[in-house]
Amino acid sequence: FVAYDPAAPEATSGSIALTVDSIEMNNHLMTQKMMGERWLNAETHPEITFELDSFIPDESQGSLVKGTAKGSFTFLGTTRSIEVPVSFNYLKDAANQRAGRKQAGDERDLLVLRSAFTVLLDEYGLDLAKPLRLKVANEVQVKVNIVGYTAK
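Just so we're on the same page, my numbering is the position in the sequence shown counted from 1, plus 47.
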């Protein structure tokens with residue numbers, strides 16, 4: 048859930064949660080292995096979360112606002128304070144046009160949230176043994192693209 052007011056983006060609040068077992072790799076066996084105790088440990092740590100503490104806007108152009116989100120990121124049971132770049136694009140009355148579909152009477156607003164940041168696996172307790180470091184990087188790029196609607 049994210050609460051965003053285009054007239055006061057600095058007042059943005061909310062949190063984002065991803066269920067670990069919703070993550071899929073290109074290979075089914077790899078997905079199963081990633082869910083296991085050695086890797087993402089989906090049974091013990093079922094969610095990856097970000098709890099927003101503050102949003103500091105530093106650039107705006109029309110409906111697009113870019114800035115820095117500060118908050119608590121929880122991964123593998125470890126919570127760390129992080130700062131990540133975020134953009135919000137608030138599109139008034141655009142819900143009826145999303146993905147080319149037109150739904151008469153759906154006059155809700157659309158919010159597009161985007162972010163990209165780096166996570167170091169060892170900072171969250173995932174220690175990669177030397178042979179694994181040849182195939183799996185400690186530095187993981189996280190890309191977030193979320194589209195939501197205002198409530199009816």
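Backbone N, C-alpha and C define an ideal beta-carbon position, used for all residues, glycine too.
Compare the C-alpha of residue i against each of the options and name the closest.
| i | options | result |
| --- | --- | --- |
| A64 | E84, T121 and M72 | T121 |
| S60 | L160, L167, E106 and N192 | L160 |
| V189 | V133, Y196 and K182 | V133 |
| N192 | Y171, H92 and F135 | F135 |
| G124 | D156, R155 and L173 | L173 |
| E84 | H75, D68, L111 and V49 | D68 |
| D26 | S119, T197 and T126 | The shown model of the chain, from 48 to 199, leaves out residue 26, and the question about it has no answer. |
| P56 | L111, T91, A163 and A89 | L111 |
| R155 | A50, Q144 and S119 | Q144 |
| D169 | A50, T126 and M72 | T126 |
Is residue i near the ligand MN, in the sense that its beta carbon is under 7 Å from a heavy atom of that ligand?
| i | result |
| --- | --- |
| L157 | Within the structure as shown, the ligand MN is missing, as the structure has no ligands at all. |
Using a 10 Å radius around the Cβ and a threshold of 16 neighbouring Cβ atoms, would you call residue i buried or exposed?
| i | result |
| --- | --- |
| L167 | exposed |
| A142 | buried |
| L87 | buried |
| I70 | exposed |
Do residue j and residue i have their beta-carbon atoms positioned less than 8 Å apart in this structure?
| i | j | result |
| --- | --- | --- |
| T66 | P93 | yes |
| L175 | V187 | no |
| E106 | K113 | yes |
| G195 | L158 | yes |
| Y137 | P53 | yes |
From the DSSP output, read off the bridge partner residues of residue i.
| i | result |
| --- | --- |
| Y259 | Because the chain spans 48 through 199 in this model, residue 259 falls outside it and cannot be assessed. |
| V187 | V166 |
| I129 | G118 |
| A176 | According to DSSP, which records beta bridges pairwise, A176 is partnered with nothing at all. |
| Q113 | It should be pointed out that residue 113 corresponds to Lys in this sequence rather than to Gln. According to DSSP, which records beta bridges pairwise, K113 is partnered with E106 and S134. |
| A50 | S60 |
Check whether the Cβ of residue i lies closer than 8 Å to any Cβ atom in chain D.
| i | result |
| --- | --- |
| F97 | No chain D appears in this structure, which consists of one protein chain only. |
Counting beta carbon pairs with one atom in the stretch 69-80 and one in the stretch 98-114, are three or more of them shorter than 8 Å? Too few Cβ pairs lie closer than 8 Å, so no.
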